[in-house]
Amino acid sequence: MESNPKENIIEEVTNKDYEFGFVTDIETDFIPKGLNEDIIRLISKKKEEPEWLLDFRLKAFRHWQTLKMPTWAHLTIPPIDYQDIIYYAAPKQRKAKSLDEVDPELLATFDKLGISLDEQKKLSGVAVDAVMDSTSVKTTFQETLSKHGIIFMSFSEAVKQHPDLVKKYLGKVVPYTDNFFAALNSAVFSDGSFCYVPKGVRCPIELSTYFRINAANTGQFERTLIVADEGAYVSYMEGCTAPQRDENQLHAAIVEIISEKDAEVKYSTVQNWYPGDKDGKGGIYNFVTKRGICRGDNAKISWTQVETGSAITWKYPSCILKGDNTVAEFYSVAVTNNWQQADTGTKMIHIGKNSRSTIISKGISAGHSQNGYRGLVKVVPEATNCRNFSQCDSLLLGDQCGAHTWPYVECGNDSSILEHEATTSKISEDQLFYCNQRGIPTEKAIGLIVNGYAKDVLNKLPMEFAVEAQKLLSITLEGSVG
Amino acid sequence: MLLNIKNLHVSIGGKEILKGFNLGVNEGEIHAIMGPNGTGKSTWAAAVTGREGYEITEGEIWYKGQNIVGMPPEERANLGIFLSFQYPVEIPGVSMQNFMRTAVNAKREYQGLPPMSMIDFTKMMKQKQAMVEITEKLQNRYVNVGFSGGEKKKNEIFQMAMLEPELSILDETDSGLDIDALRIVANGVNQLHNEHNAFVVITHYQRLLDYIVPDFVHVMYDGRIVKSGDKKLALELEEKGYEWVKELKL
Chain P
1 MESNPKENII EEVTNKDYEF GFVTDIETDF IPKGLNEDII RLISKKKEEP EWLLDFRLKA
61 FRHWQTLKMP TWAHLTIPPI DYQDIIYYAA PKQRKAKSLD EVDPELLATF DKLGISLDEQ
121 KKLSGVAVDA VMDSTSVKTT FQETLSKHGI IFMSFSEAVK QHPDLVKKYL GKVVPYTDNF
181 FAALNSAVFS DGSFCYVPKG VRCPIELSTY FRINAANTGQ FERTLIVADE GAYVSYMEGC
241 TAPQRDENQL HAAIVEIISE KDAEVKYSTV QNWYPGDKDG KGGIYNFVTK RGICRGDNAK
301 ISWTQVETGS AITWKYPSCI LKGDNTVAEF YSVAVTNNWQ QADTGTKMIH IGKNSRSTII
361 SKGISAGHSQ NGYRGLVKVV PEATNCRNFS QCDSLLLGDQ CGAHTWPYVE CGNDSSILEH
421 EATTSKISED QLFYCNQRGI PTEKAIGLIV NGYAKDVLNK LPMEFAVEAQ KLLSITLEGS
481 VG
Chain X
483 MLLNIKNLHV SIGGKEILKG FNLGVNEGEI HAIMGPNGTG KSTWAAAVTG REGYEITEGE
543 IWYKGQNIVG MPPEERANLG IFLSFQYPVE IPGVSMQNFM RTAVNAKREY QGLPPMSMID
603 FTKMMKQKQA MVEITEKLQN RYVNVGFSGG EKKKNEIFQM AMLEPELSIL DETDSGLDID
663 ALRIVANGVN QLHNEHNAFV VITHYQRLLD YIVPDFVHVM YDGRIVKSGD KKLALELEEK
723 GYEWVKELKL
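Protein chains in written order, with this note's numbering: chain P, 1 to 482; chain X, 483 to 732.
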């Protein structure tokens, strides 16, 4: 009687339900389904946008029409009918100036998600911009921030209050011509966060945006634009969830980061969109373009991402190291379970001399999922003395899942040093039994081992996020392994 | 009786390894199980601790008044059965503090107790570390990662001290230990030993038994105990070698 305990365990464990799958019953303002120039004009009008922005949208849309959805990723993507999506949905309420004006139903929703919009109750030191469907609900700690000259507000607010800044930076890192989804987002983006930290200012609190999809049949297309002017510093976090629905929902966001001379931006995200059910039904399609530029000398950008949700993830937070002595980092944990698919990674483009980049990617696959790392490290001939260190590890739970790595390297000179390390491992039965023998049940043991495996990345997250991420890793894999 | 094993038959992958193993252990006793390689000593330890893949085809394992055959390993652990591994397992990225805290609180949860406070836990860890003369900062080191052979074994005894089991099985804890580490390990065991707990020490060599003095010595051969006696039996074995045991069997 040959028994393979590991396999049984693995089959048993991927069963915990998605915690944030509830729907908020709130009156929502929808526009008609479909995508054409009239729809774009309607969105722009609803948001009371200036002419130049409408122009930007229309150009993007016209360009998008010439593009085809990319097929190079290791993803099986069912056909998406872009005319069958609602491109704008907003809770029927104006943005509130004070908490009393916010619909209690909305407050309750964010409370349920663990995001308190009440500044008194909030963990000190984190300002939150809460975005539900297509609009920003409330941004906290505005006053504290404005004292330092820091602008942190919803994107639509920023377009009204700081049009010059938005115009100056919008689409400069991710032009609408960049790719299919970037063009789509540029045409229909609804809201998001805008952050500007002026010269020499260290932002004293963490900034954070929380994205929530609520309405059915809608897509979410937000834009985040973060600018750290010379010598500035900011740490920004982003979280997201969505209700549990049988149909798939599209999320195509853009994040642009600009780090000027001597500035530093830390961007952290815990992506927890609804991943679909155990049979692969439903879930968010997450096609996101995130890119930062270290524009001036000595600038720094660091991406940290924990990816646990979405049915499909297509996402490559990247850095252009334009200035000399610039530093870029990418730390990623991507967990896929059940029928989830992830094709994620980064691009590090070294243009400045002595620029340095680090890539730490930890993939964890369970169930029938596919998890891939795709990366490019490029050093142009003029960028002498550059350094890159890449480490791509894969952890497999079970034998039905797949882990893939596609690292590309292009080095244009002899003085730069690029290193790449990769490992693939499984949670061993020995490790599980060792934990069991110390009284630790299998599911808890897996959480422990997986968190240990992802430690290098989790350590990079801000405190408030690290705890959440740790729990999330365990929960995502609960019932996936044993 | 704390542990009472009756006519235990265990197979791995269809091959019978234990063939009618009997053993009774009372609180306060120290037993030694000796025998040549491949006679089923480690299989016995795995069967008692409930490792999967070790199929019990016949017999009973009575522990604290219940037959624990079929009980999951973590539940056995929480009932006070501890195994000091012959080859302690590495868990990268998991600190000893986190690991032990999870284990201690799992047991407390099982017993219906609230989790231990961080202060109490830290104090306890420090105290138990001293018992096995682990002087360096253990709490932030990853479980067994980068530990020397001796450190790994000391770490096993440290965990034993933390979890305060009633039945401790030491599977070849002496293998690969130099004389100093051996003394420290034995010293730890002797400090932990009291009238309410029991130890079963699996070993090849009588050397360890100079430090951990057993009340009973059992000789195992071909899946069962072929001879039992007091500590003199260990000396006799040392003198005559295991060939003598094989003759006993015949």
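We put the CB at the ideal spot given by N, CA and C, even for glycine.
Simplified DSSP state of residue i, which is helix, strand or coil
i	result
residue 491 of chain X	strand
residue 152 of chain P	strand
residue 120 of chain P	The pLDDT assigned to residue 120 of chain P is 47, lower than 50, so where the model puts this residue is not dependable, and the model offers no usable value.
residue 163 of chain P	helix
residue 650 of chain X	strand
residue 724 of chain X	coil
residue 388 of chain P	strand
residue 37 of chain P	helix
residue 444 of chain P	helix
residue 501 of chain X	strand
residue 541 of chain X	strand
residue 428 of chain P	coil
residue 582 of chain X	helix
residue 345 of chain P	strand
residue 401 of chain P	coil
residue 144 of chain P	helix
residue 89 of chain P	strand
residue 199 of chain P	coil
residue 624 of chain X	strand
residue 55 of chain P	helix
residue 372 of chain P	strand
Residues that residue i bridges to, as DSSP identifies them
i	result
residue 689 of chain X	BP columns for residue 689 of chain X are empty, so no partner.
residue 410 of chain P	P/378
residue 209 of chain P	P/129, P/238
residue 421 of chain P	P/391
residue 177 of chain P	For residue 177 of chain P, which the question treats as bridged, DSSP gives no partner whatsoever.
residue 334 of chain P	P/307, P/363
residue 329 of chain P	P/302, P/358
residue 285 of chain P	P/250, P/312
residue 679 of chain X	Residue 679 of chain X pairs with nothing; no bridge assigned.
residue 256 of chain P	P/225, P/291
Residue range of the unbroken alpha helix (DSSP H) whose run includes residue i
i	result
residue 702 of chain X	Counting along the chain, residue 702 of chain X falls outside any alpha helix (DSSP H), though it belongs to the beta strand (DSSP E) covering 698-703.
residue 605 of chain X	600-613
residue 180 of chain P	180-188
residue 524 of chain X	523-531
residue 644 of chain X	631-645
residue 671 of chain X	661-674
residue 458 of chain P	455-458
Endpoints, beta strand (DSSP E) assigned at residue i
i	result
residue 307 of chain P	300-307
residue 577 of chain X	573-577
residue 266 of chain P	264-271
residue 709 of chain X	706-711
residue 73 of chain P	Here residue 73 of chain P belongs to no beta strand (DSSP E), and DSSP marks it neither H nor E.
Which listed residue (the options) has its alpha carbon closest to that of residue i
i	options	result
residue 312 of chain P	P/461, P/424, P/277	P/277
residue 355 of chain P	P/404, P/370, P/388, P/371	P/388
residue 54 of chain P	P/40, P/63, P/67	P/40
residue 185 of chain P	P/293, P/383, P/413, P/65	P/65
residue 129 of chain P	P/209, P/449, P/63	P/209
residue 423 of chain P	P/150, P/189, P/360, P/270	P/360
residue 357 of chain P	P/366, P/368, P/322, P/365	P/322
residue 603 of chain X	X/623, X/581, X/546	X/581
residue 699 of chain X	X/712, X/692, X/689, X/688	X/712
residue 593 of chain X	P/466, P/453, P/439	P/439
residue 337 of chain P	P/318, P/368, P/251	P/368
Meets three-Cβ-pair contact criterion under 8 Å: the stretch 694-704 of chain X and the stretch 713-732 of chain X = yes
ask   = Touch check for the stretch 682-694 of chain X and the stretch 516-526 of chain X: three-plus C-beta pairs under 8 Å?
value = yes
Meets three-Cβ-pair contact criterion under 8 Å: the stretch 215-231 of chain P and the stretch 255-263 of chain P = yes
query = Between the stretch 187-195 of chain P and the stretch 149-168 of chain P, do at least 3 Cβ pairs fall closer than 8 Å?
reply = yes
message = So if I threshold CB-CB distances at 8 Å, which residues from the stretch 435-460 of chain P count as touching chain B?
response = Absent here is chain B; the protein component of the structure consists of chains P and X.
task = Say whether the stretch 447-463 of chain P touches the stretch 572-590 of chain X, bearing in mind that this needs 3 or more beta-carbon pairs closer than 8 Å, one atom from each stretch.
result = yes
inquiry  = Using a Cβ distance threshold of 8 Å, determine whether the stretch 372-379 of chain P contacts the stretch 335-348 of chain P, with at least three qualifying pairs required.
reply    = Judged by pairs of C-beta atoms under 8 Å, the stretch 372-379 of chain P touches the stretch 335-348 of chain P, as three or more such pairs exist.
query = Any chance the stretch 139-150 of chain P sits against the stretch 267-286 of chain P, with 3 or more Cβ pairs inside 8 Å?
reply = By the Cβ criterion, the stretch 139-150 of chain P is not in contact with the stretch 267-286 of chain P, since fewer than three pairs of Cβ atoms, one from each stretch, lie closer than 8 Å.
inquiry  = Any contact between the stretch 644-656 of chain X and the stretch 612-628 of chain X? By contact I mean 3 or more CB pairs, one from each, below 8 Å.
reply    = no
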